[in-house]
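Sequence order for the protein chains is L and U. The first sequence begins at 1 in the working numbering and counts up by one. The second sequence begins at 578 in the working numbering and counts up by one. First the structure, in the form of structure tokens, and then the observations on it.
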Amino acid sequence: MANLAVQTRQTGPNEYAYFVVDVDQNLSIATFANLELANKFAAAGDDSDAALLAARQENINATGGVRNNPQPPPFVPAVTPPGGGVTYETIPKDDPVAKQLNDANAAREAERVQNTRAVRVADPNYEGGFRYEIVPKSQERTSANAVPNTATTFTTPVIFDQPVNQVQNSATPVLGNAEDPSIPLVLPPVTNVETAAQPVPTYRAEYNAIQDSWVVVNANTGQVLTSGLTEEQANALIVDENAPTPNIPQPQVAAPNPYPGGLPYDEDSGLLNPGFTLNERNEPVFVGFDFVEPATQASAEQSRIEAQTREAQRQQTYINQQRQINNQDWRLRLSLAPQSNYLYNVPDAGILDPLKPSNGVIFPYTPQISTSYKANYSPTDLTHSNYRGYFYQNSYTDSVTVTATFTAQNTREANYLLAVIHFFRSVTKMFYGQSQNLGSPPPICYLNGLGEYQFNKHPVVVSQFNYTLPSDVDYIRAGSSNNLQLNQNPLRDKQSTTTNSGLNSVLRLANAFLKPGGARDLRPPTSTLTRVNSPTYVPTRMEIVITLLPMQSRTQVSQQFNLQTFANGQQLKGGFW
Amino acid sequence: MAATYDSTSPYYTTGYSQFFLDTMTNRPIPFLNDDQFWPINLTYQYRPDLLAFDLYGNSRLWWTFYQRNPNTLTRPPLDFAVGVQIYLPQITTLQTVLGF
């Protein structure tokens, strides 16, 4: 004998179904379209198969399921099945139990709507290119601060593809579990929370039966800080979180989204709107304009480091510049006057051309320089005196002897050595015969080197030039800037290359003195080519000795010279010997 | 179908009958005063095609040297030897005459 009761459900505008349920076992035994048959079956209390088969047969033979009386029959609250199988939307408002459930559902929905927000997110994988995310308005950050240079981590928002009215609701904000977002984590409302003007963050551990794990919630707000913990971990975390340290992570409350429709992206550029960031699943969420991501903070730190690096590099550059000033070329150099228009300072200097870039002769190896400063005294033999008397006559700087070594290891250096030799030859001769500056003596040169207080634009003339062509060294061919290329001509001809590259074609034509297209070259052979045909050889190593005479002008001596100024070194810069 | 010859070919103007080329029609290169007189060097010895490629960008124009120097060059390519002085037609002349 079973304890059976009848439960009525409306299945249409004017249609009802009558369920016979076992009150003790909370099971639905049979469904009837006729209330009388249902009451008859329930009153009999026989749930055997035979009785059920008979009732079913009788139900089939009975007419309808459509009541003439639209008023619902009395309802038995005790036999209301708990939740499962009940579709709230189909419960009529006049059903007191259904109304109660519906009101509770509406209350939860209102609370959910208040605590969460639907965000439209562009996603090409969804139909229409958009989907909606249910994002808690109070976003919480977990441990993003502890992980530098990583994206901001938030509690996982619940994502729904279904209509909003099918979302499972809860009395408290629903924050999904990070491990399984499809399972929402329903937390009971927080009770026994003392209301204070300044709420102190209090955290507590709670057991989640669905997840079979422990979660840590904020007792003030009821929001879940972390989930998926064991009891020990949760308790340990509570101790740390409740410790009175300033490092307690305060949940950040998201600012209201100022954009219409909550669009995280700019539809034109596709970029994130200001105030949006990406969570750990690379989904956009709005966190407010005052929020600074750890990645941004790291970027700012990186920018500071780079600025410091640039400042250090700038200082190092300044130091290098100063060092370069200190370490500038201090090799000995003998050059012509800057505004001169003779020897190598002419457009076509011939074999003196290599001296143009160096503005004179640079002694590549530190030469031996002999300088003597003399003061002449006329001795006077005094009668009946134990000492000789010296009477000052004059002072002068004696000749400067420079002994230098030159080497030539390639054609370029050979050209330079040949130019040096010929320069010293030329600089000892006057402008005579058909020269331009007819009648002028050999030009004045200027000696520089070894720093500003050694030889600084000191005027000299070359009085003697000695060089010896040694017999125990190799000689190298000089005379052309493209000597290296031309020296390889025989080899290239023997190879008889058939490479059709443009460069080789041009080289072949150049070696044959032809121009592309067969254009006739009317120019006469250049002097370079002439020199190629008659090369000059210079030793790979040789020494030269030049004798220089200091040549101070009378104007300088009489009007500019000042012994004190010379003594303090200032006039050394002006070229006074 | 007879083969067709490019305008740079010496057989461009030569006709054909059925499957055979007709008697070759000469394509003379005019003698101009601005043609460069040049001695063949070792690089281009026996290689008129290489010289044509370097000068004109087309090795198929090698025969123009023989057309321009019919008295000097008679047996290609072995008479294209070092020291032989020939006239080199300009490419503009070839473009005008040959039409390429």
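In this text, a Cβ means the ideal position worked out from N, Cα and C, and glycines have one as well. Predicted model, so just to flag it, every value in this text is computed and none were measured.
What's the gap between the Cα of residue i and the Cα of residue j?
i, j, result
"L:Gln564", "L:Trp577", "14 Å"
"U:Asn603", "L:Lys356", "58 Å"
"L:Val538", "L:Ile476", "5 Å"
"L:Val6", "L:Leu37", "10 Å"
"L:Thr8", "L:Asn273", "53 Å"
"L:Ala478", "U:Leu628", "31 Å"
"U:Ser586", "U:Tyr633", "14 Å"
"L:Thr195", "L:Thr221", "Note that L:Thr195 scores a pLDDT of 43, beneath 50, so its modelled location is shaky; the value from the coordinates is reported in the next line. Going from the Cα of L:Thr195 to the Cα of L:Thr221 covers about 11 Å."
"L:Leu229", "L:Gly270", "38 Å"
"L:Arg314", "L:Leu450", "29 Å"
"L:Arg131", "L:Val97", "35 Å"
"L:Gln560", "L:Trp330", "26 Å"
"L:Gln10", "L:Asn34", "13 Å"
"L:Ala234", "L:Ile210", "17 Å"
"L:Thr116", "L:Ala106", "15 Å"
"L:Lys137", "L:Ala219", "18 Å"
"L:Leu334", "L:Phe391", "37 Å"
"L:Ile305", "L:Ile319", "21 Å"
"U:Thr641", "U:Ala580", "21 Å"
"L:Ile238", "L:Glu133", "30 Å"
"L:Gln328", "L:Asn511", "41 Å"
"L:Tyr207", "L:Arg112", "22 Å"
Under 9 Å between beta-carbons, which chain U residues line up against residue i? List them in chain order, please.
i, result
"L:Ala510", "The contacting residues do not exist; L:Ala510 stays about 10 Å from chain U at best."
"L:Lys335", "One detail in the question is off: residue 335 of chain L reads as Ser in this sequence, not Lys. Those within 9 Å of L:Ser335 in chain U number zero; the least Cβ separation is about 43 Å."
Name the residue from the options whose alpha carbon lies nearest to the alpha carbon of residue i.
i, options, result
"L:Ala43", "L:Leu4, L:Pro550, L:Pro13, L:Val402", "L:Leu4"
"L:Ala408", "L:Glu452, L:Pro367, L:Val473, L:Tyr467", "L:Val473"
"L:Leu332", "L:Val506, L:Gln114, L:Tyr446, L:Lys137", "L:Tyr446"
"L:Gln556", "L:Ile544, L:Gln571, L:Glu543", "L:Gln571"
"U:Gln662", "U:Pro616, U:Gln595, U:Thr581, U:Asp611", "U:Pro616"
"L:Val121", "L:Leu271, L:Pro264, L:Leu382, L:Phe513", "L:Pro264"
"U:Pro647", "U:Gly676, U:Leu619, U:Gln667, U:Pro607", "U:Pro607"
"L:Ala519", "U:Ile668, U:Gln672, U:Thr590, U:Phe677", "U:Ile668"
"L:Thr540", "L:Ser435, L:Gln393, L:Leu514, L:Glu413", "L:Glu413"
"L:Thr468", "L:Leu509, L:Pro443, L:Ile421", "L:Ile421"
"U:Arg645", "U:Phe614, U:Tyr588, U:Ser594", "U:Phe614"
"U:Pro666", "U:Arg637, U:Val659, U:Asp612", "U:Asp612"
"L:Gln25", "L:Asn39, L:Met1, L:Glu15", "L:Met1"
"L:Leu514", "U:Asp631, U:Met601, U:Ser584", "U:Asp631"
"U:Thr670", "L:Gly517, L:Ser48, L:Arg554", "L:Gly517"
"L:Val361", "L:Asn568, L:Phe406, L:Gly389", "L:Phe406"
"L:Ile544", "L:Pro367, L:Lys457, L:Pro13", "L:Pro367"
"L:Ile369", "L:Asp398, L:Pro354, L:Leu343", "L:Asp398"
Anything in chain L within Cβ reach of residue i, meaning under 7 Å, just list it in chain order.
i, result
"U:Ile668", "Gly517, Gly518"
Taking DSSP as the reference, what is the three-state secondary structure of residue i?
i, result
"L:Glu111", "helix"
"U:Ser594", "strand"
"L:Tyr203", "strand"
"L:Gln409", "coil"
"L:Val420", "helix"
"L:Ile210", "coil"
"U:Tyr664", "strand"
"L:Asp49", "helix"
"L:Ile444", "coil"
"U:Ile617", "coil"
"L:Glu231", "helix"
"U:Ser586", "coil"
"L:Thr579", "Past the edges of chain L, shown from 1 to 577, lies residue 579 of chain L, and the structure says nothing about it."
"U:Leu609", "coil"
"U:Gly676", "coil"
"L:Ala5", "strand"
"L:Pro379", "strand"
"L:Gln434", "coil"
"L:Phe363", "coil"
Using a C-beta to C-beta distance shorter than 8 Å, which residues of chain U count as neighbours of residue i?
i, result
"L:Leu514", "Gln613, Trp615, Asp631, Leu632, Leu665"
"L:Ser505", "Phe630, Asp631"
Against residue i, what residues of chain U qualify as contacts under a CB-to-CB distance less than 7 Å, listed in chain order?
i, result
"L:Ser358", "Here the premise fails: no neighbours, minimum Cβ distance about 37 Å."
"L:Ser303", "Per Cβ cutoff of 7 Å: no residues; L:Ser303 is ~56 Å from chain U at best."
"L:Ser440", "Neighbours of L:Ser440 on chain U: none; closest Cβ ~46 Å, over 7 Å."
Can you find a heavy atom of the ligand FAD that lies under 7 Å from the Cβ of residue i?
i, result
"L:Gln297", "The model depicted lacks the ligand FAD and carries no ligand whatsoever."
Contact criterion: CB-CB distance below 8 Å. Does residue i meet it with respect to chain A?
i, result
"L:Glu58", "Looking at the structure shown, chain A is missing, and the protein chains on hand are L and U."
Touch test, the stretch 545-554 of chain L against the stretch 449-464 of chain L, Cβ-Cβ under 8 Å, three pairs minimum: yes
If contact is defined by three or more beta carbon pairs under 8 Å, each pair taking one atom from either stretch, is the stretch 327-347 of chain L in contact with the stretch 375-387 of chain L? no
Across the stretch 23-35 of chain L and the stretch 50-57 of chain L, are there enough close Cβ pairs to call them in contact, namely three or more that are closer than 8 Å? yes
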